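Q:
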Amino acid sequence: MMKRFLCLLFPVFLLLGMATAGLAATQEDFLAYFEENALPGLQAWTKEISEKSILIMGEHHGVADNHSLYLDILRSFPEEHIQLVLEMSPSFAFLCGEYLQTGNETLLQNAIGHLVGTFGYSKEHLAFWQEVRQLAQQGKRIDVIGVDQEFQLKNTALALLTIDKERFTPVLQRINAAGSRGADALMKELAAIVREHEDLPADSEKDQAVQDIMLSLGQLLENPMGDKERDVPLYQTFVRRVKPDVRTLGIFGGQHITKAGKAPTLVSQLMQEDLFREQAAVAQLFYVDASYMDARSGQALPLQGLTKDSVIVQHAQRQQENVAIYRLPASPLFEGPDVKGLSLPDLYDYALVTSGAQACSR
4 MMKRFLCLLF PVFLLLGMAT AGLAATQEDF LAYFEENALP GLQAWTKEIS EKSILIMGEH
64 HGVADNHSLY LDILRSFPEE HIQLVLEMSP SFAFLCGEYL QTGNETLLQN AIGHLVGTFG
124 YSKEHLAFWQ EVRQLAQQGK RIDVIGVDQE FQLKNTALAL LTIDKERFTP VLQRINAAGS
184 RGADALMKEL AAIVREHEDL PADSEKDQAV QDIMLSLGQL LENPMGDKER DVPLYQTFVR
244 RVKPDVRTLG IFGGQHITKA GKAPTLVSQL MQEDLFREQA AVAQLFYVDA SYMDARSGQA
304 LPLQGLTKDS VIVQHAQRQQ ENVAIYRLPA SPLFEGPDVK GLSLPDLYDY ALVTSGAQAC
364 SR
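Residue numbers for the sequence shown follow my numbering, so the first one is 4 and each next one is one higher.
(1) Determine the DSSP secondary structure at residue 91, reduced to helix, strand or coil.
(2) Per DSSP, what kind of secondary structure is residue 155 in: helix, strand or coil?
(3) In terms of residues, what are the limits of the alpha helix (DSSP H) holding residue 182?
(4) Can you tell me whether DSSP reads residue 256 as helix, strand or coil?
(5) Hey, would you say residue 326 sits closer than 9 Å to residue 308, going by beta carbons?
(6) Please name the residue, chosen from 58, 322 and 202, that lies closest to residue 273 on a Cα-to-Cα basis.
(7) Counting Cβ pairs closer than 8 Å, one from the region 290-304 and one from the region 357-364, do we hit at least three?
(8) On the DSSP letters alone, give me the boundaries of the alpha helix (DSSP H) that residue 308 sits inside.
(9) Taking the Cβ atom as the reference point for each residue, do residue 225 and residue 150 lie within a distance shorter than 9 Å?
(10) Measure the CB-CB distance between residue 237 and residue 60 and report whether it falls below 9 Å.
(11) Look at the Cβ atom of residue 218, then the Cβ atom of residue 197, and state whether they are nearer than 9 Å.
(12) Check whether the region 329-341 touches the region 97-110, taking contact to mean three or more Cβ pairs, one atom from each stretch, closer than 8 Å.
(13) Could you tell me whether the Cβ atoms of residue 72 and residue 357 are closer together than 9 Å?
(14) In terms of residue numbering, what span does the beta strand (DSSP E) encompassing residue 1 cover?
(15) Using a Cβ-Cβ cut-off of 6 Å (strictly less than) and excluding sequence neighbours within five positions of residue 123, which residues of its own chain qualify?
(16) Are residue 214 and residue 203 closer than 9 Å when you measure CB to CB?
(17) Quick one: give me the first and last residue of the beta strand (DSSP E) that residue 123 is part of.
(18) Taking only three categories from DSSP, how would you classify residue 238?
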């Protein structure tokens, strides 16, 4: 996945990192473009996009600074009702939503504990939800929506038992019994359970959570090895669950949020939907001299998304803000034959450049 992400962004990096030798005029043109389109800070940015109800952010997972940025964005939204849409399973989203309502720290810690081996297993992730709950306690209604597949079955079980222990204990017993007979038996039993539950009415929030979990399990059964394109189910769940007229912050891995490209992404498919195309603003986070947490080992690894001689980095390092923010309107500068279709404005509405971001920790 990382290789695919870097290959996708290579034309962008090539454009942003144009060498100065022999291209002085072009370099100045690009510097002028970024100067004209630099925003003075987060408040100015969120004010500018206030007419768009949906902000979709692309990130590199495992970066601690991301969590602080997203909290600042949530705090900057004046609306009392916010949808927080994340690249996570519906079961984990339900458990986080339950934590926001109840303050059950044990439930949250168990849910994050089940994410061991993923980017979600970190101290910063735990602290993020604790901060989000403070926002909820201050009067914000925050609906947590997970649009990824049910990869962590321990959280699937925890969510179902939290919803209705008496009802779902026999269901989980069926799953355990099938698992003891082998992978094929487990897959058949899961498919049967999905069929039994996916079409039941969703008359309450908990009914909706059950439906989301079952539909997501169905998607997992269609792609048990995780080797097929995930953007289609991400898109399907996003359209089904997200209300386009409600203030929304969506957070996804950077490869899912490009508006153009050869392979269909979550966002490129959303752009085909009138309601979402008109309401969505798309922003990519770029990193300079940063680090991220390896999901399996927990080790901090270097992250150099853009080189220091990139034009946008040269401009960003002149700014006083920790994160430099740029709008990306269409421009003839990006219409050369080598970049057309994969130029910066074709891919995103905004670019954010952060330097020195630190990796998450366990």
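A virtual CB, placed ideally from N, CA and C, is assigned to each residue, including glycine.
Bear in mind that the values here come from a model prediction, so they are computed numbers and not experimental data.
A: Taking the structure as given:
(1) Within the sequence shown, residue 91 is the residue found at index 88, counting from 1. In this structure, DSSP gives residue 91 a state outside helix and strand, which the three-state scheme calls coil.
(2) For the purposes of this step, residue 155 is taken as the residue at position 152 of the sequence shown. Coil at residue 155, not helix or strand.
(3) Residue mapping note: residue 182 aligns to position 179 of the sequence shown, counting from 1. For residue 182, the enclosing alpha helix (DSSP H) covers residues 168-183.
(4) Taking the sequence shown and counting its residues from 1, the one referred to as residue 256 is at position 253. The answer is strand: DSSP assigns residue 256 an E or B state.
(5) Numbered from its first residue, the sequence shown carries residue 326 at position 323. Numbered from its first residue, the sequence shown carries residue 308 at position 305. Going by beta carbons, residue 326 and residue 308 fall outside the 9 Å limit.
(6) The sequence position of residue 273 within the sequence shown is 270, counting from 1. Of the listed residues, the one whose Cα sits closest to residue 273 is 58.
(7) Taking one beta carbon from each stretch, the region 290-304 and the region 357-364 have 3 or more pairs nearer than 8 Å; the two touch.
(8) The sequence position of residue 308 within the sequence shown is 305, counting from 1. Looking at the DSSP string, residue 308 is not in any alpha helix (DSSP H), and its letter there is neither H nor E.
(9) Position 222 of the sequence shown, counted from the start, is the residue given in the question as residue 225. Position 147 of the sequence shown, counted from the start, is the residue given in the question as residue 150. Contact flag unset, no.
(10) Sequence index remark: in the sequence shown, residue 237 carries index 234 (1-based). Sequence index remark: in the sequence shown, residue 60 carries index 57 (1-based). No, the pair does not count as a contact, with Cβ atoms beyond the cut-off.
(11) Indexing the sequence shown from 1 puts residue 218 at position 215. Indexing the sequence shown from 1 puts residue 197 at position 194. For residue 218 and residue 197, yes; Cβs fall inside 9 Å.
(12) No, the region 329-341 does not touch the region 97-110.
(13) Working through the sequence shown from its first residue, we reach residue 72 at position 69. Working through the sequence shown from its first residue, we reach residue 357 at position 354. Cβ atoms of residue 72 and residue 357: closer than 9 Å.
(14) Only positions 4 to 365 of the chain appear in this structure, which leaves residue 1 out of reach.
(15) Walking along the sequence shown from the start, residue 123 turns up at place 120. None.
(16) Residue mapping note: residue 214 aligns to position 211 of the sequence shown, counting from 1. Residue mapping note: residue 203 aligns to position 200 of the sequence shown, counting from 1. Taking a C-beta distance under 9 Å as the contact criterion, residue 214 and residue 203 qualify as a contact pair.
(17) Position 120 of the sequence shown, counted from the first residue, corresponds to residue 123. Residue 123 -> no beta strand (DSSP E), and no H or E assigned at all.
(18) On the sequence shown, position 235 is the one that residue 238 refers to. In this structure, residue 238 counts as helix in the three-state DSSP scheme.
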